[in-house]
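Residue numbers for the sequence shown follow our numbering, beginning at 1452 and rising by one.
Beta carbons: idealized from backbone N, C-alpha and C, even for Gly.
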Amino acid sequence: MEHMEKKVTVFGSFVVDLMARTPHLPAAGETVKGTVFKMGPGGKGFNQGVAAHKAGADVTMVTKLGQDAFADIALNTMNELHMDTGRVLYSDTTETGCALIMVDENSSQNEIVVILGACNTITDQEVDSLEDLVGQSEYLLTQLETNVSSVERIVDTAYRKGVKVILNTAPVQPVSDELLGKIDLITPNEVEAEILTGIRVDSEEAADKAADWFFSKGVKNVLITLGQRGVYINTGEKKGIIPAYKVDAVDTTGAGDAFNGGLLAALAEGKDLWEAADFANALAALSVQKIGTTPSMPVREEIDAFMA
Ligand code: ADP
């Protein structure tokens, strides 16, 4: 098979997910005997990078780790998947990020504390060391989970080099007009779109208004994910909704990450935004049928079989 994919860079967070299931969430000062503990790789950036790689993209993953056992979880995962670890950054002083997740096994409610650790300490100098990598990429995909200064700087690097930037606005926080003006494709979910634009995305007309708000800031293309309803796309010239695949979801954590990774992989192959969104919907639909985030990302064969 011809390899038509272009190189892509995913820049973002890595955290180790430490998940405990418990009969009830502990009150302040209470100790509860939990039932299940699971530990595994996570972080929005890492999830999206793994999803794109497993979908067949030529991904270079950039994140920042500490010098500790949790860093090995990232590196071992990348090595097992044959991902390039050569551009991973390291901190001598800050630990690898982690997320402490408690899930009430009766109500499925959760409480999460995320310590972003090393991936929240990416310096300007470290971003500048990535200029060559970014310059060779067709796309840069990033999120808002690493320190904002690093996101602003890597987006600026890509923009100056004419590399298309996809910004997934999770976890949502205010972003500058300057940043928005450099984005080729923005991919908020409905909640993020509302927080950023001030427009509640509860109808297609409302989505049009939210898209217009992004366009007024200089964003070129808008894609709002709508959970089990699929995605809204607006390129300024053409707009519409691409429905999600109907599946029995067991764990929708990381659905947005699966979607963004799939979107990137498909765009890098030369699919148009509409075909890419359909591919990403399929990838996300497969991921929500499995528990976990990074480990629930399907491989290309599964996606192709599902879409056939
Ligand atoms: P986030 O995970 O960021 O909140 P969404 O909930 O919008 O994002 O989901 C992202 C994408 O994942 C959707 O656009 C859709 O393709 C897919 N998805 C989410 N939930 C489901 C579901 N229950 N069934 C099928 N696909 C889903």
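Classify residue i as helix, strand or coil using the three-state DSSP reduction.
i	result
L1567	coil
E1453	Note that E1453 scores 44 on pLDDT, short of 50, meaning its location in the model is unreliable; the coordinates nonetheless yield the value given after this. E1453 falls in the coil class under three-state DSSP.
M1758	helix
T1460	strand
F1521	helix
V1750	coil
D1579	helix
D1535	strand
A1506	coil
K1615	strand
V1652	coil
G1496	helix
E1562	strand
L1630	helix
T1704	coil
L1540	strand
K1741	coil
V1501	helix
K1697	coil
L1516	strand
T1528	helix
L1636	strand
T1718	This sequence places Leu at residue 1718; Thr is not what is there. Of the three classes helix, strand and coil, the one that applies to L1718 here is helix, per DSSP.
The alpha helix (DSSP H) that contains residue i, what's its start and end?
i	result
Y1610	1599 to 1611
A1727	1724 to 1738
G1586	1582 to 1586
V1466	Element bounds for V1466: not the alpha helix (DSSP H) but the beta strand (DSSP E), 1466 to 1473.
G1548	No alpha helix (DSSP H) contains G1548, which is instead part of the beta strand (DSSP E) from 1548 to 1555.
Chain C beta carbons: is any one of them nearer than 8 Å to that of residue i?
i	result
L1737	Here chain C cannot be found, since the structure has a single protein chain.
Check whether the Cβ of residue i sits closer than 7 Å to any heavy atom of the ligand ADP, and report yes or no.
i	result
F1497	no
V1739	yes
Q1797	It is not possible to answer for residue 1797, since the shown part of the chain is limited to 1452 through 1759.
T1703	yes
V1599	no
V1698	yes
N1640	yes
F1710	yes
A1756	no
A1621	yes
D1561	Correcting the residue type first, residue 1561 is Asn in the shown sequence and not Asp. Result no, Cβ not under 7 Å from the ligand ADP.
N1732	yes
G1494	no
G1707	yes
V1616	no
V1682	yes
T1676	yes
Could you spell out where the beta strand (DSSP E) holding residue i opens and where it closes?
i	result
K1668	Taken as a continuous stretch (DSSP letters only), K1668 belongs to no beta strand (DSSP E), as it is neither H nor E.
V1642	Segment 1641 to 1648 is the alpha helix (DSSP H) holding V1642; no beta strand (DSSP E) there.
F1488	1487 to 1493
L1591	1590 to 1593
K1690	1690 to 1693
I1684	1682 to 1685
- Query: Per the contact definition of three or more C-beta pairs closer than 8 Å, is the region 1519 to 1528 in contact with the region 1470 to 1487?
  - Reply: Taking 8 Å as the limit for Cβ pairs, the verdict is that the region 1519 to 1528 does not touch the region 1470 to 1487.
- Would you check if there are 3 or more beta carbon pairs closer than 8 Å linking the region 1502 to 1517 to the region 1705 to 1720? yes
- Counting pairs of beta carbons, one from the region 1574 to 1585 and one from the region 1550 to 1559, are three or more of them closer than 8 Å? no
- With contact counted as at least three CB pairs below 8 Å, one residue from each stretch, are the region 1671 to 1683 and the region 1721 to 1739 in contact? yes
- Message: Using a Cβ distance threshold of 8 Å, determine whether the region 1530 to 1547 contacts the region 1510 to 1519, with at least three qualifying pairs required.
- Response: Flag = yes, the region 1530 to 1547 and the region 1510 to 1519 touch.
- So, do the region 1691 to 1701 and the region 1481 to 1493 have three or more beta carbon pairs nearer to each other than 8 Å? Verdict: no, contact absent.
- Touch check for the region 1638 to 1646 and the region 1603 to 1621: three-plus C-beta pairs under 8 Å? yes
- Looking at C-beta atoms only, is the number of pairs between the region 1604 to 1612 and the region 1640 to 1655 that lie closer than 8 Å three or more? Counting Cβ pairs under 8 Å, fewer than three are found: no touch.
- Assess, as a yes-or-no matter, whether the region 1528 to 1537 is touched by the region 1555 to 1567 under the definition of 3 or more beta carbon pairs within less than 8 Å. no
- So does the region 1749 to 1756 actually touch the region 1697 to 1705, counting three or more Cβ pairs closer than 8 Å? no
- Query: Would you call the region 1582 to 1596 and the region 1459 to 1467 in contact, with 3 or more CB pairs under 8 Å?
  - Reply: yes
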